[in-house]
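Since the structure comes first, as structure tokens, the remarks are kept for the end.
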Amino acid sequence: MKLALLLVAAPLMAATTAATIVGPVKPLSFRLDVMPVFFRAGCNSGACHGAAAGKDGFHLSLFGYDPAGDYWRLTQQMVGRRIDLAAPEQSLLLHKALGAVPHSGGRRFQADSESYQTLVRWIREGAPGDAPGVPQVTGIALTPDKVVFSGKSKPQPLQVVAKYSDGSSRVVNRLALYFSNNKSTADIDAQGNVTAGKRGDTFVFARFARYTVGAEIMVLPPGRFAWPKTPVNNYIDELVDAKLRKLKIAPSGLASDEEYLRRVFFDLIGLPPGPEEYAQFLGDHSKDKRARLVDALLERDEFADLWAARWAETLKVRSDNNSAFGTDRKAAYAYYQWIRDEMKRDAPLDEFVRAQVAGTGSNLRNPPVNLYTMLPQGQYDAKAVAQDVAQVFTGVRVQCAQCHNHPFDRWTQDDYYGFVSFFTGVKRKVASEAREFYIYDDPAAPPAKHLLDGHPVPARFLGGDAPDVKGADPRVALAAWLTAKDNALFRQNLANRIWAVFFGRGIVEPVDDVRVSNPPSNRELIEEMGRRLAAYNFDAKRLIRDICGSRTYQLAAEPNATNRDDADLFSHQRLRRLRADVLLDAISQVTATPSTFAETPGGMRAVELYEGGRRANSYFLKTFGLCARDSVNASETRLEPTLAQALHLLNGDTVESKLARSPLVERALKAGRTPEEIVNDLYIRALSRKPSQAERKKMLALVTDPKDRKAYDDIFWALLNSTEFEFNH
2 MKLALLLVAA
12 PLMAATTAAT
22 IVGPVKPLSF
32 RLDVMPVFFR
42 AGCNSGACHG
52 AAAGKDGFHL
62 SLFGYDPAGD
72 YWRLTQQMVG
82 RRIDLAAPEQ
92 SLLLHKALGA
102 VPHSGGRRFQ
112 ADSESYQTLV
122 RWIREGAPGD
132 APGVPQVTGI
142 ALTPDKVVFS
152 GKSKPQPLQV
162 VAKYSDGSSR
172 VVNRLALYFS
182 NNKSTADIDA
192 QGNVTAGKRG
202 DTFVFARFAR
212 YTVGAEIMVL
222 PPGRFAWPKT
232 PVNNYIDELV
242 DAKLRKLKIA
252 PSGLASDEEY
262 LRRVFFDLIG
272 LPPGPEEYAQ
282 FLGDHSKDKR
292 ARLVDALLER
302 DEFADLWAAR
312 WAETLKVRSD
322 NNSAFGTDRK
332 AAYAYYQWIR
342 DEMKRDAPLD
352 EFVRAQVAGT
362 GSNLRNPPVN
372 LYTMLPQGQY
382 DAKAVAQDVA
392 QVFTGVRVQC
402 AQCHNHPFDR
412 WTQDDYYGFV
422 SFFTGVKRKV
432 ASEAREFYIY
442 DDPAAPPAKH
452 LLDGHPVPAR
462 FLGGDAPDVK
472 GADPRVALAA
482 WLTAKDNALF
492 RQNLANRIWA
502 VFFGRGIVEP
512 VDDVRVSNPP
522 SNRELIEEMG
532 RRLAAYNFDA
542 KRLIRDICGS
552 RTYQLAAEPN
562 ATNRDDADLF
572 SHQRLRRLRA
582 DVLLDAISQV
592 TATPSTFAET
602 PGGMRAVELY
612 EGGRRANSYF
622 LKTFGLCARD
632 SVNASETRLE
642 PTLAQALHLL
652 NGDTVESKLA
662 RSPLVERALK
672 AGRTPEEIVN
682 DLYIRALSRK
692 PSQAERKKML
702 ALVTDPKDRK
712 AYDDIFWALL
722 NSTEFEFNH
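Under the numbering used here, the letters of the sequence shown match residues 2 to 730, in that order.
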């Protein structure tokens, strides 16, 4: 009997009695017909029997990653309880699903449904298992993969087709699960019909077996739209504008010179421009002054400081002297200093990554090997290292596939343990000095063992082949594959992380959660940026020049009527809260009062703290969310405002003490500057702009005595507590 008959057996039986079927019907398959029913009904979801401990005494593997185990638990674990071969309709499995007996999951389907008919027929046939060689699902397709709604459009049906290892295919609309990334823009029902909501761009997804695929849904507003004639500076503008034009979204206007000056200073060196830099830039009327400013900032030491701080957070640079195997402060400092030197010399990012992934030798004399020391309590764990390497350098969170196949991506347990096997041979040998040890690879070390049955899983690239690493350090092969120019995961991840610095969010957001069910907001843009970065030989500064030189980056933060609700298409600049260390450094520079930190030389800026705020004993840095460096998650750097932050700025000792020690106002008074000149200077220092006429009038009204410093300090205090000061825009 051909497989085609098997694949249509369930739908055929739902509409036809046994007496009307002509010719023999092949028995149902547990994997192909029964398990999809559990999947569709939600029985093997994480909230039900697919939970790690099961539910109500019955356990199924999450989304069916262990078919053999599911079959045994269903038919053999408690023989005669869950299925009744003598009276199939009386099976507890069916009574629970119909809600005929108490069931915490409630009714899952009706007695006249296709799902019920499939299960009862399978039990009637003796609840058989599958013979060896049963076809496996190799992928699914969702068509159409792009839908555009305009005006009052009818629901659009999508079709899900599963492909099998024997070359056959099957429409599985009634067995797939569906979800939407943004229901307010587009929703999808249980049959795969998409309905439009408000204007926007989103994705809907279908999941079947272990595969998830998406379709892009665009919802256009009614009425006519005229695209504004705006200049295009480079390929970034072309690709961003192409998406905006399709959605009838007009970009905002250009940022002023004052806005651009402040924005690019904070993004590139983590400091606001000073009065001299402000005057020089505003007085320059050449057409290329913005590009020249970017070039100048990229060569400053503060650029290396800021980007070293970002990488040090991502790589968890910190010491742990409480563990016998922990990283010593000397090693942590060496690691940080190496990172900063790499940023200073504009090291190609592929070299930067390769030196760490394939690193061997002393943690003190070859700092990149400290990638293998930045672990909780310092204990080496191949799984933890594999997860961190994947998340940092590809943006993929493979840890979801450790205990089961990834529920919303293509990664399986085989992928997970194959990737872990690159690191199972890493060993650490303590040197004669307690602070020093050596990282090396033991080629005789066995690969990782699969969680289900303990079989060894050879090292294998994510989504790729298994290299021949017999007798060699597998990390060398991994580093070569990872940093190859044709590795889209690597190049797009780095491009996306760089992009997010300048826009407050990635094209894929979060930047370290790349998966099928979290697609990029502009696929063409991230692909092109990844290609460009590779073509630039992974020179990050060249890509940064592209970004800062684009009109997209130079757009104003103020939205217009068409782009007010645009959260991720980059039609205007986002308001971005300054990170804790940058904000503290800004307060210090604006007030001309350097900060002091425990166990550090005087005059050091917050972004130069090689362990972040871990040893700085700074209430400010902790309160404002500086990364604790306990994990590689991008969310560890917290930017959301809190009540504690507002209260500290208003009443805490940071702003008050710096204002009290600031020499600026006293110096201006001694120089005989007028109240208007002093107010102008304070605005330029704090906000990189002059006050408006209304602001100037209000501020000058507070200065009842032109020589009274207190009035100016109050004005200074108000500016430092303003939302405008705390945000980049």
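Using N, Cα and C, we set each Cβ at its ideal position, and we do this for glycine too. The structure displayed is predicted, hence computed values, not measured ones.
Starting from R74 and walking both ways along the alpha helix (DSSP H), at which residues does that stretch end? Position 73 of the sequence shown, counting from 1, holds the residue named residue 74. Here the alpha helix (DSSP H) through R74 covers P68 to T76.
For P560, which residues from the same chain have a beta carbon less than 8 Å from its beta carbon, with the 5 sequence-adjacent residues on both sides left out? For this step, residue 560 is matched to residue 559 along the sequence shown. Hits under 8 Å: S253, D567, S572 and H573.
I'd like to confirm the pairing. Which residues does DSSP put opposite F209 in its beta bridges? Locating residue 209 in the sequence shown gives position 208, where the first residue counts as 1. Paired residues: Y212.
Sequence-distant residues of the same chain with beta carbon closer than 6 Å to S170, five excluded per side: Working through the sequence shown from its first residue, we reach residue 170 at position 169. Closer than 6 Å at Cβ, skipping near neighbours: V162 and K164.
Taking the alpha-carbon positions, what's the K691 to N681 distance? Walking along the sequence shown from the start, residue 691 turns up at place 690. Walking along the sequence shown from the start, residue 681 turns up at place 680. Taking the straight line joining both Cα atoms gives about 6 Å.
Length-filtered (4 minimum) alpha helix (DSSP H) runs lying within the segment 529-587: 541-550
Which of helix, strand or coil DSSP assigns to P664: By 1-based counting over the sequence shown, the position of residue 664 is 663. Three-state result, P664: coil.
Counting C-beta neighbours from all protein chains within 10 Å, is the total for L651 16 or more, i.e. buried, or is it exposed? Within the sequence shown, the letter at position 650 stands for residue 651. Its Cβ having fewer than 16 others within 10 Å, L651 is exposed.
Buried or exposed for D146, going by 16 or more other Cβ atoms inside 10 Å? As a working mapping, residue 146 is identified with position 145 in the sequence shown. Answer is exposed; the Cβ neighbour count stays below 16.
Is any beta-carbon of chain E found at less than 8 Å from that of Q388? You won't find chain E in this structure, because it holds only one protein chain.
What is the DSSP secondary structure of Q137, reduced to helix, strand or coil? One-based indexing of the sequence shown puts residue 137 at position 136. It is coil, neither helix nor strand.
Beta-carbon proximity of E314 to A557, cut-off 8 Å: As a working mapping, residue 314 is identified with position 313 in the sequence shown. As a working mapping, residue 557 is identified with position 556 in the sequence shown. For E314 and A557, no; Cβs fall outside 8 Å.
Residue interval of the beta strand (DSSP E) (run including N194): The residue given as residue 194 occupies position 193 in the sequence shown. Looking at the DSSP string, the run of the beta strand (DSSP E) that includes N194 is N194 to A197.
Have a look at D238, A599 and K623 and flag the residue whose alpha-carbon is nearest the alpha-carbon of R639. Here residue 639 refers to the residue found at position 638 of the sequence shown. For the residues D238, A599 and K623, the minimum Cα distance to R639 belongs to K623.
Using the rule of at least 16 other Cβ atoms within 10 Å of the residue's Cβ for burial, across every protein chain shown, is Q694 buried or exposed? Here residue 694 refers to the residue found at position 693 when the sequence shown is read from its first residue. Q694 is exposed by the Cβ-count criterion.
Does K331 come out as helix, strand or coil in the three-state DSSP assignment? Working through the sequence shown from its first residue, we reach residue 331 at position 330. Helix, per DSSP.
Where does the unbroken beta strand (DSSP E) through Q403 begin, and where does it stop? Residue numbering aside, residue 403 sits at position 402 when the sequence shown is read from its first letter. No beta strand (DSSP E) holds Q403; DSSP gives it neither H nor E.
Backbone CA spacing between V121 and L95 [nearest angstrom]: In the sequence shown, the residue the question calls residue 121 occupies position 120. In the sequence shown, the residue the question calls residue 95 occupies position 94. V121 and L95: Cα-Cα distance of roughly 8 Å.
Closest by C-alpha distance to F266, when choosing among V295, A280 and I250: As a first step, residue 266 must be located in the sequence shown, where it is residue number 265. Closest option to F266, Cα to Cα, is V295.
For E678, which residues in the same chain have their Cβ closer than 8 Å to its Cβ, ignoring the five residues on either side in sequence? Your numbering for residue 678 matches position 677 in the sequence shown. For E678, where only same-chain residues beyond five positions count, the Cβ hits under 8 Å are A669.
Based on the DSSP output, what are the partners of M219 in its beta bridges? Within the sequence shown, numbered from 1, the residue matching residue 219 stands at position 218. In the DSSP output, where bridge partners are listed per residue, M219 has V149 and D202.
Local Cβ density within 10 Å of T563, reported as buried at 16 or more and exposed below that: Within the sequence shown, the letter at position 562 stands for residue 563. Flag for T563 reads buried.
Three or more C-beta pairs under 8 Å: does that hold for the segment 582-591 against the segment 284-294? no
Can you give me the Cβ contacts of D715 inside the same chain, cut-off strictly under 8 Å, excluding the 5 residues immediately before and after it? The residue labelled residue 715 in the question sits at position 714 within the sequence shown. Once the five neighbours on either side are set aside, the close Cβ partners of D715 are L703.
Pairing CB atoms from the segment 523-541 with CB atoms from the segment 398-416, are three or more of them under 8 Å? no
So, are the CB atoms of F491 and L483 less than 8 Å apart? As a first step, residue 491 is located in the sequence shown; it is residue number 490 there, counting from the start. As a first step, residue 483 is located in the sequence shown; it is residue number 482 there, counting from the start. Cβ distance < 8 Å, so F491 and L483 count as in contact.
What is the C-beta distance between F59 and N45, in whole angstroms, given that I count them as a contact (C-beta under 8 Å)? Mapped onto the sequence shown, residue 59 falls at position 58. Mapped onto the sequence shown, residue 45 falls at position 44. With a Cβ gap of about 10 Å, F59 and N45 do not count as contacting.
Apply the 10 Å Cβ neighbour rule to E90 and answer buried if 16 or more other Cβ atoms are within range, or exposed otherwise. The count along the sequence shown starts at 1 and reaches residue 90 at position 89. Exposed.
Run through the DSSP bridge pairs and tell me what A163 is partnered with. Residue numbering aside, residue 163 sits at position 162 when the sequence shown is read from its first letter. Paired residue(s): I141 and R171.
Assign N618 to buried or exposed, taking buried as 16 or more other Cβ atoms, counted over all protein chains shown, within 10 Å of its Cβ. As a first step, residue 618 must be located in the sequence shown, where it is residue number 617. Exposed.
My guess is that R533 and L544 are in contact by the Cβ rule of under 8 Å, so how many angstroms apart are they, rounded? As a working mapping, residue 533 is identified with position 532 in the sequence shown. As a working mapping, residue 544 is identified with position 543 in the sequence shown. That belief holds up - the Cβ atoms of R533 and L544 are roughly 6 Å apart, short of 8 Å.
Spatially closest choice to G134 from D167, R264 and T119, by CA coordinates: Walking along the sequence shown from the start, residue 134 turns up at place 133. Closest by alpha carbon: D167.
Measuring CB to CB, does A629 end up less than 8 Å from E637? On the sequence shown, position 628 is the one that residue 629 refers to. On the sequence shown, position 636 is the one that residue 637 refers to. Yes, the pair counts as a contact, with Cβ atoms nearer than the cut-off.
Best match in L99, K153 and R355 for proximity to A481 [C-alpha to C-alpha]: If you number the sequence shown from 1, residue 481 lands on position 480. The option with the nearest alpha carbon to A481 is R355.
Taking the alpha-carbon of D540 as reference, which of A467, G673, F353 and G419 has the nearest alpha-carbon? To locate residue 540, count along the sequence shown from 1; it is residue 539. Closest by alpha carbon: F353.
Is it a yes or a no for the segment 591-611 touching the segment 659-673, going by three-plus beta-carbon pairs under 8 Å? yes
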